[in-house]
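These notes concern the structure reproduced below.
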Amino acid sequence: MHKLMTSLLLSALAMAALPASAEIVVIVSQKNPATRMFSEQASQFFLGKSNLFTPVDQPESSHIRAEFYQKIADKDPAQVKALWSKLVFTGKATPPKEYANSAEVKKAVAADPKAIGYIDKAAVDDTVKVILTLP
């Protein structure tokens with residue numbers, strides 16, 4: 383019985399140590415007429431396949447960025463970096479501008495009606511509009 387309790391306690395501690403997955407939302411300025419978007423559409427902007435919106439990115443090393451690209455395009459950070467390197471090298475696109483955190487991304491998106499970004503749902507306020515919530 384003691385071994386079972388110890389095992390359960392260790393399991394609970396291990397689960398608590400795992401990083402919690404934040405709910406990620408795609409945002410645009412309140413001035414943007416868009417009201418909703420599908421994941422496939424959003425991925426077009428963040429992977430350089432469309433320039434209808436101007437994508438705004440989180441820092442390359444951030445957990446939210448890795449999770450975002452995994453959910454929206456099924457790509458890891460190395461795959462996204464390789465894709466953008468190719469687009470930049472061939473002159474087909476310019477990569478999204480990076481901002482330091484969700485607060486900076488939100489500020490940049492709020493100020494530009496053509497901008498599109500992604501942040502933790504908890505950071506949303508009335509300066510931006512959520513057009514997609516990622517599962």
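Sequential numbering of the sequence shown, starting at 383, is according to the numbering used here. Just so it is clear, CB atoms sit at the ideal spot from N, CA and C, and this is done for glycine as well. What you are looking at is a predicted structure, and each value in this text was computed from that prediction instead of being measured.
Rounded straight-line distance, which links the Cα of residue j to that of residue i
i    : j    : result
D507 : I501 : 11 Å
S484 : G499 : 9 Å
A505 : I409 : 11 Å
L514 : H445 : 19 Å
G473 : W466 : 10 Å
Y451 : V462 : 8 Å
Contact set for residue i: own chain, Cβ-Cβ below 6 Å, skip 5 residues either direction
i    : result
P495 : S411, K413 and N414
A492 : S411, T509 and V510
P476 : A quick correction: the sequence has Thr, not Pro, at residue 476. Closer than 6 Å at the Cβ level, and outside the excluded window around T476, lies no residue.
S421 : I454
R418 : I513
L516 : I406 and K453
Rounded distance between the beta-carbons of residue j and residue i, thought under 8 Å
i    : j    : result
I406 : E442 : With 8 Å as the limit, I406 and E442 do not qualify as a contact, their Cβ atoms being about 16 Å apart.
Beta-carbon proximity list for residue i, same chain, < 7 Å, skipping 5 on both sides
i    : result
P478 : F428, P437, V438 and D439
Residue(s) in a DSSP beta bridge with residue i
i    : result
L429 : Per DSSP, none; premise fails for L429.
I406 : D502
V470 : Bridge partners of V470: none, in fact.
Own chain partners of residue i with C-beta closer than 8 Å, once the 5 adjacent residues on each side are dropped
i    : result
A490 : V438, K479, Y481, A497 and G499
P401 : Bear in mind that a pLDDT of 47 at P401, under 50, signals an unreliable position, so the number given afterwards is only what the model happens to contain. H445, listed in sequence order.
Quiz item: Counting pairs of Cβ atoms below 8 Å between the stretch 422-430 and the stretch 443-459, do you hit three or more?
Solution: yes
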